[in-house]
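What follows is a short report on a single structure.
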Amino acid sequence: MNKFRDLKVYQKGVKFSHYVYELTSGFPKSEIFGLTFQLRRASCSIVLNIAEGAGSDSSREFVRYLEHSQRSTFEMMAGMDVAKEIGYVKLTEYDACQQELTEISVMLKGLQRSLKKKTITSNVQH
1 MNKFRDLKVY
11 QKGVKFSHYV
21 YELTSGFPKS
31 EIFGLTFQLR
41 RASCSIVLNI
51 AEGAGSDSSR
61 EFVRYLEHSQ
71 RSTFEMMAGM
81 DVAKEIGYVK
91 LTEYDACQQE
101 LTEISVMLKG
111 LQRSLKKKTI
121 TSNVQH
């Protein structure tokens with residue numbers, strides 16, 4: 001129970017989400033229901049899908065949730081492209097976010113591969 005908290009990708013995602021909340025707090029108030037909301041939602045979606053997937057009954061279903069997390073990292077990358085383009089974030093903040101998102105994405109892919117192998121191995125044994 002709650003083993004998802006032990007996952008490094010989950011821990012990194014929580015810290016990243018916290019950073020996104022801090023970063024977007026400097027966005028214009030007019031963006032509270034726009035880009036601010038979207039970026040916060042996407043960053044939370046990364047970790048929420050990891051947690052929800054960890055509660056699945058099967059590795060296959062967990063992988064499906066990790067794929068949703070993966071898509072949220074891409075959504076965040078695109079959102080940060082927009083934030084940079086309109087001048088809401090500095091280049092250093094943008095680069096830091098892109099780096100973190102790339103690392104999270106790689107970690108998610110690795111976990112997906114691991115779970116897929118586990119599923120294949122378990123199917124072969126049955």
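At the far end of the sequence shown sits residue 126, using the UniProt record's numbering, and the numbering has no gaps. C-beta atoms are modelled at their ideal positions from N, C-alpha and C, and glycine is treated no differently.
Can you check which of these residues, the options, is closest to residue i by C-alpha distance?
i: Y21; options: K8, L39, P28 and K84; result: L39
i: A83; options: A51, T102, Y10 and S25; result: S25
i: S45; options: S58, K90, L91 and V9; result: V9
i: L111; options: F33, G53 and H18; result: G53
i: N2; options: L48, L23 and A42; result: L48
i: S43; options: R64, M76 and I104; result: M76
Looking at residue i: is its Cβ nearer than 8 Å to the Cβ of residue j?
i: Q70; j: L108; result: yes
i: M80; j: Q99; result: no
i: F27; j: Y88; result: yes
i: K118; j: S59; result: yes
i: Y65; j: S72; result: no
Give me the Cα-Cα distance between residue i and residue j, rounded to the nearest whole angstrom.
i: I50; j: F4; result: 7 Å
i: E31; j: G13; result: 23 Å
i: L35; j: E67; result: 23 Å
i: E85; j: Y94; result: 10 Å
i: F33; j: D6; result: 33 Å
i: S105; j: A78; result: 14 Å
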